[in-house]
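Some notes on the structure that comes next.
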C-alpha cells in the first residue's frame, strides 16, 4: 500500500490535510480539518475525529482521511471541491454526513443554525452564513476556533454565486462572524490566521470599496444598476483580471448590481 499523507496538527485538537487540487479558485487546495479531543497526546490513526469538508474525490486524500475513526462529516457548502469525496469516503469510513442541504446528507439530518454538536471530545457550533452560496455554514469549535469554509479565504476574497448567494446576505454573514470573539480563523482554502477580526474587517472594507468602484463605473457609463450588465462593467471594475476568473468576477458583479438596485 502506498504511503498515506498525515495531517498536520495546527492547534490542540485540530488536524489539517490539504487536498491536491490547487487552482486559481481553490488556491493551494481544499483544506480538510480533523477535530479531536484537545487533550489527546497525538492525532494517530484510529483517533476519533469529526471531519470538516471531505474535499474532492481524490483517492489518496480520502484514504488518508479514512485512517481515522470519523464519527461525523460536516460540509461547509455544496461546491464539488468540498463535497465530491462524500460517497467514496463513506465507503471507506462509513461515517454519517451532515450539510445544510439534504442532498449532501448521508444518514443524518440537515444542519441547523445555532445547534451544538458534541462528538469526538469537541463541541462544535453551527452558524448559518449565506452569501458565497445560500447553504454556506461556518463552525466554531470549543468557542475558540472559527472554521469559515469559503465564506472567508486564507488569502484573496471569495466569490458570490449570484443569484444563489447575495451581497446582502454576505455582508450580514461577515458582520455575524465579526460579532463573535476574536479567535483563530481556519479557511477552506489558503493559510491559517491567528485572529479573525482583522481579516473580517478587511473583507467588509473590500466589499464597500468594490461597491464604490461599481458606482463609479455606472456613473461613467451613465447607467443605473438595474440597467447595466456585468459584461459592461467587467473591464472597468476589474481592469487587470486573470481571464480564468472572468466568470467568477461576473457573478460577483451580478451580486453587486442586485444589491445596489435593491438598496437605492
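In our numbering, the protein residues as written are 7 to 270. Heads up, the beta-carbon is just placed ideally off N, CA and C, and yes, glycines get one too.
Paired residues, beta bridge with residue i - DSSP
{"i": "residue 131", "result": "122, 146"}
{"i": "residue 39", "result": "22, 58"}
{"i": "residue 75", "result": "54"}
{"i": "residue 153", "result": "145, 192"}
{"i": "residue 14", "result": "22"}
Rounded separation between residue i and residue j - CA only
{"i": "residue 184", "j": "residue 238", "result": "34 Å"}
{"i": "residue 267", "j": "residue 202", "result": "31 Å"}
{"i": "residue 11", "j": "residue 131", "result": "28 Å"}
{"i": "residue 87", "j": "residue 138", "result": "14 Å"}
{"i": "residue 7", "j": "residue 155", "result": "Any reading at residue 7 needs caution, since the residue's pLDDT is 42, under 50, leaving its predicted position unreliable; the model's value is listed next. Going by the C-alpha atoms only, they are around 32 Å apart."}
{"i": "residue 128", "j": "residue 61", "result": "21 Å"}
{"i": "residue 102", "j": "residue 58", "result": "12 Å"}
{"i": "residue 92", "j": "residue 110", "result": "8 Å"}
{"i": "residue 270", "j": "residue 181", "result": "21 Å"}
Whole-number beta carbon distance between residue j and residue i, since they are thought to touch under 8 Å
{"i": "residue 134", "j": "residue 119", "result": "4 Å"}
{"i": "residue 260", "j": "residue 236", "result": "5 Å"}
{"i": "residue 80", "j": "residue 104", "result": "6 Å"}
Residue i and residue j closer than 8 Å at C-beta
{"i": "residue 107", "j": "residue 72", "result": "no"}
{"i": "residue 252", "j": "residue 240", "result": "yes"}
{"i": "residue 264", "j": "residue 172", "result": "yes"}
{"i": "residue 217", "j": "residue 262", "result": "yes"}
{"i": "residue 41", "j": "residue 13", "result": "no"}
{"i": "residue 25", "j": "residue 38", "result": "yes"}
{"i": "residue 160", "j": "residue 212", "result": "no"}
Below-8 Å beta-carbon distance, residue i vs any chain C residue
{"i": "residue 173", "result": "In the structure shown, chain C does not exist; there is a single protein chain."}
The stretch 188-198 contacting the stretch 173-180, beta-carbon criterion three pairs below 8 Å: no
Should the stretch 206-214 be called in touch with the stretch 19-35, which here means at least 3 C-beta pairs below 8 Å? no
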